[in-house]
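**Q**
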Amino acid sequence: MQARKLRVPVLATASHYWPLDAVDGIYELWDQIGNRPDIVEGMVNKGIFLNGDNGGTFLHFGNYQNSCISDPTLCGPEGITFSFFWKNHEAESRFAVASGGKVISNGFSVYTNPFGGYVEFYTRGNNHRWRANIRVPGPYWTHILFTWTKKDGLKVYINGTYTTGDAVGNVSENYGDPYPDLVIGTGNDRAYGHYVTGAFDEFVIWERALPPNEILLYYNAAIGRTSCCTGKYFLIDCELIQSTPVVSGLIETVDRVMEHMVTNLEPSPNSLISLGGTSFVADYSLMKLPQNYNLPHYRFPTQGKNYISVPGEAFTMQSQTTIVGLFYHNMHNYYKEINPVKTRINEATDFKDHKIQVASCLISLKVEPSPALSINLSGAPLIKIVLTHVLTKEQQDQILNQSNKVFLYCAFLDYSSNEGVWSNEGCVRSDGNMTYSVCLCNHLTNFAILMQVVPLKLTAGHQVALSTIGYVGCSISIFCLAITLVTFAVLSSVSTIRNQRYHIHANLSFAILVAEILLLISARFDPGTLPCKVMAVLLHFFFLSAFAWMLVEGLHLYSMVVKVFGSEGSKHFYYYGIGWGRSAQYCWLSLKNGAIWAFVAPALFVIVVNIGILISVTRIISRISGENYKVHGDANAVKLTVKAVAVLLPILGISWIFGVLAVNTQSLAFLYIFAVFNSLQGFFVFLFHCLLNSEVRAAFKHKTKVWSLTSSSIRNINVKPFNSDIMNGNKEGVTPTKMNTWDKSTNSANRIDLSAV
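Quick note: the sequence shown uses the working numbering, first residue 683, plus one each step.
1) Let me know if G1102 comes out buried or exposed under the rule of 16 or more other beta-carbons within 10 Å of its beta-carbon.
2) Alpha carbon to alpha carbon, how far is L1202 from L1221? Give it in angstroms, no decimals.
3) Starting from the N-terminal side, write out each stretch of the alpha helix (DSSP H) that is 4 residues or longer and does not extend beyond the region 1173-1250.
4) Where in the region 1098-1160 do unbroken runs of the beta strand (DSSP E), each at least 3 residues long, occur, reported from the N-terminal end onward?
5) So what does DSSP say about P701, is it helix, strand or coil?
6) Between which two residues does the alpha helix (DSSP H) harbouring K1075 extend?
7) Which residues in the same chain have their Cβ closer than 6 Å to the Cβ of V1416, if we skip the five residues on either side of it in sequence?
8) Cα separation between L648 and A696?
9) Classify F1247 as buried or exposed, calling it buried when 16 or more other Cβ atoms lie within 10 Å of its own Cβ.
10) Leaving aside the five residues before and after S1249 along the sequence, list all residues of the same chain whose C-beta is less than 6 Å from its C-beta, in chain order.
11) In terms of residue numbering, what span does the alpha helix (DSSP H) encompassing W1389 cover?
12) So, is Y822 buried or exposed, given that buried needs 16 or more other C-beta atoms within 10 angstroms?
13) When you compare the region 1087-1097 with the region 995-1015, are there three or more beta-carbon pairs, one atom per stretch, that lie closer than 8 Å?
14) Assuming the contact rule is C-beta atoms closer than 8 Å, S1044 and L1122 should be a hit. Round their C-beta distance to whole Å, please.
15) Determine the extent of the beta strand (DSSP E) in which L899 is found, giving its start and end residues.
16) Compute the distance between the beta-carbons of V1110 and L1059, then report whether it is under 8 Å.
17) Taking R1379 as the reference, give the member of L1173, T755 and I1289 with the closest Cα.
18) Decide if the region 1018-1034 is in contact with the region 1133-1151; the criterion is three or more beta carbon pairs, one per stretch, under 8 Å apart.
19) Mapping the DSSP letters down to three states, classify E760 as helix, strand or coil.
20) When the Cα atoms are used, what is the spatial distance from L1369 to Q1182?
21) Could you check which residue in S1157, H1014, K1048 and I1289 has the C-alpha nearest to that of V992?
22) Indicate the three-state DSSP secondary structure (helix, strand or coil) for Q1363 in the structure shown.
23) Take S1042 and list the residues in its own chain whose beta-carbon comes closer than 6 Å to its own, dropping the five residues that flank it on each side.
24) So, using beta-carbon positions, are Y901 and N974 closer together than 8 Å?
25) Out of E884, Q985, F1224 and V1176, which has the shortest C-alpha to C-alpha gap to F1281?
26) Here's the rule: buried if 16 or more other CB atoms are within 10 angstroms of the residue's CB, otherwise exposed. What is C1214?
27) Taking only the alpha-carbon atoms, compute the straight-line gap between Y989 and I826 and give it to the nearest angstrom.
28) With H, G and I counted as helix, E and B as strand and the rest as coil, what does DSSP make of P1332?
29) Nearest-angstrom Cα distance between S1337 and L1163?
30) What is the DSSP secondary structure of N1012, reduced to helix, strand or coil?
31) Does the region 1018-1030 come within contact of the region 957-971, defined as at least 3 CB pairs closer than 8 Å?
32) Since V1367 and I1302 are thought to touch, with beta carbons under 8 Å apart, how far apart are those beta carbons, to the nearest angstrom?
33) Just mark I666 as buried or exposed, buried being the case when its beta carbon has 16 or more other beta carbons within 10 Å.
34) Tell me which same chain residues have a C-beta within less than 7 Å of the C-beta of A1285, skipping the five on either side of it?
35) Which residues bound the beta strand (DSSP E) around A1093?
36) Using CA coordinates, which residue listed in K1321, S1175, S1361 and W768 is at the minimum distance from V1154?
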């Protein structure tokens, strides 16, 4: 890896850089300014091993006379920084590892012995020495970096973290004549009589003192690149790299480094070279194929749910083929919010106000020479990429929210403009769901799945139409419900209207009336204000109370029709407890634990229960209508059943099911049906249970007669209970010849008039 290829700014500013990629006596090593270190003896295997048993094993980096490297007095106020990776293979390392100048005679040295180690800087002119003790590196790679300035003295960093230092220093003895050579692996006395057994990598010099943040950035970009048999690995600590451009640069750098390395592998004429492994950051695979090698297909990684597949017919195999694959484990964590305008994804820019997120791991594949792929994305052969989605809890909630529309893009980082820009050119998402995606592409690079969540919005025309329906419907319902309540109040003295069924109708009408009045008023308040919050509490309470009374309507209907039990008085208390009591608990619960589910959950419960009751009641009505047909020859059985169901729907709240369908399917038709039926629920209650109700009409006629009479004796006449025509299945003037099943209740006031249920 050369500094000019590594997109880490701190390394690009180094004055001298020896990556030590290959040391086997063949490949030459050069620093930033072209100096070539002399290789006395070396070998490649997880870094540079200096074998002291063979003697004379060290690296000589050349003569740096009259340089800050060998004479700290020549350093400017910005100072100097030395950095390298080092590990030992002996239990006891005895001798100097690296030095510039002659063992702290106008220079620096790093020294270890069985008892410890230290870093020293020495200036010959005033015999001043700065010294800091360090721990002896063990058999694991250790990054040692030290800075020196005249002002701050010596600072030592081990593995990116400040460990020790010497800010002041002290006067020391003169160490004799200096030697301006820069060496590693031995003391700089030009005798080179002692050597250390160890491995080194990444020797870097900056002619300035690096600040702690740059030290940490460099360490996390370069740590451990000498692990595994490839000579490099990628333990980049992503938690410490916060800049998206830096991450994009690192991805490009690693891709290029791997590609550069595999080109230097030399396969035997009839066999391939294949290297692979895994690290904390990435799985990797390097492969070099000889000419005319038959490769039926290639997949990376070979196992798992995430992979890239290249069909065999795409390989030309007319020359040596190199393949480099990388699967990054956590790079996607640094692309949380991508501005759609800064991408080359046309579909995403249509929703420029909604950020894009990376929803999968990044995977990369490079093949040289490039495979022969179809230009047309509907043709063949094409690259197939399969990636599972890696989603946070927040992203999962966004996907499950039916009011959002989720867009998934197969994209890649395009470096054609020297900056990683997300693009989907030449890629299409061919299959998948919200847990995985399958992409087809006509080129190779690094890929990922991007996700953009866009809240669904109605057009202005539909918003106006639905709003108008709501306002007009609510206004009609409010007027009709007010008439209904006045009617029930005026007729409350009539025995047929005084029974429990009309008490329930009146409470349901009152709850819906207040809820719809509050709904119209609430539109005038700004969201977030105190009046709006108060209105929200009241709306929750009265709408949930309305649902509770719909449940009471269903339970009462069930008790009167399907299963007769108890008396009216025994159920009166429970009905009022359900209708006005339970809703308050849900309302306050909603303020703490989420308003939407505090309303939707009980509403759905009521709808499900009432649907079950409606089915049971409908079966009984159908059976009775069928029996009346057999006895009386009445051919209107089906018509009576349909009419009874229509009468029951408004008080049971079944029409609210369209609200659920509108949310879950995003169907505009269901949205309009829901708006019409629910805004007019009060109107339907008035129509079926007041205006067209035979008992109410008869009671009103009776009350009119009572008002017209002045005699108190006439006012006290008992009103005979009215049987519903629909209930008994009779036409006007027809007398039943058989007791109706509905009359099994001992209380005649409990007979259910299906024209007025």
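Where is the CB? At the ideal position from N, CA and C, for every residue including glycine.
**A** The answer reads as follows:
1) Here residue 1102 is taken as the residue at index 420 of the sequence shown, counted from 1. Around the beta carbon of G1102, 16 or more other beta carbons lie within 10 angstroms, which makes this residue buried.
2) The sequence position of residue 1221 within the sequence shown is 539, counting from 1. The sequence position of residue 1202 within the sequence shown is 520, counting from 1. Using only the alpha carbons, I get a separation of about 11 Å.
3) 1182-1204 and 1212-1239
4) 1103-1105, 1109-1114, 1118-1123 and 1128-1137
5) The residue given as residue 701 occupies position 19 in the sequence shown. Coil, per DSSP.
6) For the purposes of this step, residue 1075 is identified with residue 393 of the sequence shown, where counting begins at 1. Counting along the chain, the alpha helix (DSSP H) containing K1075 begins and ends at K1075 to L1082.
7) Translated into positions along the sequence shown, residue 1416 becomes position 734. Residue placement at V1416 is flagged as unreliable, the pLDDT there being 41, under the threshold of 50; the coordinate-derived value follows with that caveat. No residues qualify anywhere along the chain.
8) Since the first residue shown for the chain is 683 and the last is 1439, residue 648 is missing from the structure and cannot be characterised.
9) What you label residue 1247 is simply residue 565 of the sequence shown in a count that begins at 1. Per-residue confidence for F1247 stands at a pLDDT of 45, beneath the threshold of 50, marking its modelled position as unreliable; the derived number appears in the next sentence. F1247 counts as exposed, since fewer than 16 other beta carbons sit within 10 angstroms of its beta carbon.
10) Locating residue 1249 in the sequence shown gives position 567, where the first residue counts as 1. Interpretation of S1249 is limited by its pLDDT of 46, a score under 50 that renders its predicted location unreliable; no figure is taken from the coordinates.
11) On the sequence shown, position 707 is the one that residue 1389 refers to. Here the alpha helix (DSSP H) through W1389 covers S1376 to S1390.
12) Sequence index remark: in the sequence shown, residue 822 carries index 140 (1-based). With fewer than 16 other Cβ atoms within 10 Å, it is exposed.
13) no
14) As a position in the sequence shown, residue 1044 is number 362, starting the count at 1. As a position in the sequence shown, residue 1122 is number 440, starting the count at 1. Per the sequence shown, the amino acid found at residue 1044 is Leu instead of Ser. 18 Å between Cβ atoms; not a contact.
15) Here the question's residue 899 lines up with position 217 in the sequence shown. Where L899 is concerned, there is no enclosing beta strand (DSSP E), although the alpha helix (DSSP H) it sits in stretches over P894 to A904.
16) Position 428 of the sequence shown, counted from the first residue, corresponds to residue 1110. Position 377 of the sequence shown, counted from the first residue, corresponds to residue 1059. At a Cβ-Cβ threshold of 8 Å, V1110 and L1059 count as neighbours.
17) Residue numbering aside, residue 1379 sits at position 697 when the sequence shown is read from its first letter. It is L1173 whose Cα lies nearest to the Cα of R1379.
18) The region 1018-1034 is in contact with the region 1133-1151.
19) In the sequence shown, the residue the question calls residue 760 occupies position 78. It is coil, neither helix nor strand.
20) Sequence index remark: in the sequence shown, residue 1369 carries index 687 (1-based). Sequence index remark: in the sequence shown, residue 1182 carries index 500 (1-based). So the two alpha carbons sit approximately 20 Å from each other.
21) Counting from one through the sequence shown, the residue named residue 992 turns up at place 310. Of the listed residues, the one whose Cα sits closest to V992 is K1048.
22) If you number the sequence shown from 1, residue 1363 lands on position 681. Q1363 carries a helical assignment under DSSP once its states are collapsed to helix, strand and coil.
23) Walking along the sequence shown from the start, residue 1042 turns up at place 360. Excluding residues within five positions, the ones whose Cβ falls inside 6 Å are L1069, H1071, V1072, A1130 and I1131.
24) On the sequence shown, position 219 is the one that residue 901 refers to. On the sequence shown, position 292 is the one that residue 974 refers to. Against a cut-off of 8 Å, the Cβ pair of N974 and Y901 comes out as no contact.
25) Translated into the one-based positions of the sequence shown, residue 1281 becomes position 599. Selected option, being the one with the closest Cα: F1224.
26) Here residue 1214 is taken as the residue at index 532 of the sequence shown, counted from 1. By the neighbour-count rule (16 or more Cβ atoms within 10 Å), C1214 is not buried but exposed.
27) As a working mapping, residue 989 is identified with position 307 in the sequence shown. As a working mapping, residue 826 is identified with position 144 in the sequence shown. Cα to Cα, the separation comes out at about 38 Å.
28) Along the sequence shown, one-based indexing puts residue 1332 at 650. Helix at P1332.
29) By one-based count along the sequence shown, residue 1337 stands at place 655. By one-based count along the sequence shown, residue 1163 stands at place 481. Straight-line measurement puts the Cα of L1163 at about 18 Å from the Cα of S1337.
30) Along the sequence shown, read from residue 1 onward, the residue named residue 1012 stands at position 330. DSSP, reduced to helix, strand and coil, places N1012 outside both helices and strands of the structure shown, so it counts as coil.
31) no
32) One-based indexing of the sequence shown puts residue 1367 at position 685. One-based indexing of the sequence shown puts residue 1302 at position 620. V1367 to I1302, Cβ: 23 Å. No contact.
33) Lying outside 683 to 1439, the shown extent of the chain, residue 666 is not represented and no answer is given.
34) In the sequence shown, counting from the first residue as 1, residue 1285 sits at position 603. Taken in chain order, the residues that qualify are F1229 and W1338.
35) Position 411 of the sequence shown, counted from the start, is the residue given in the question as residue 1093. Per DSSP, A1093 belongs to the beta strand (DSSP E) from N1086 to D1096.
36) The sequence position of residue 1154 within the sequence shown is 472, counting from 1. The candidate whose alpha carbon is nearest that of V1154 is S1361.
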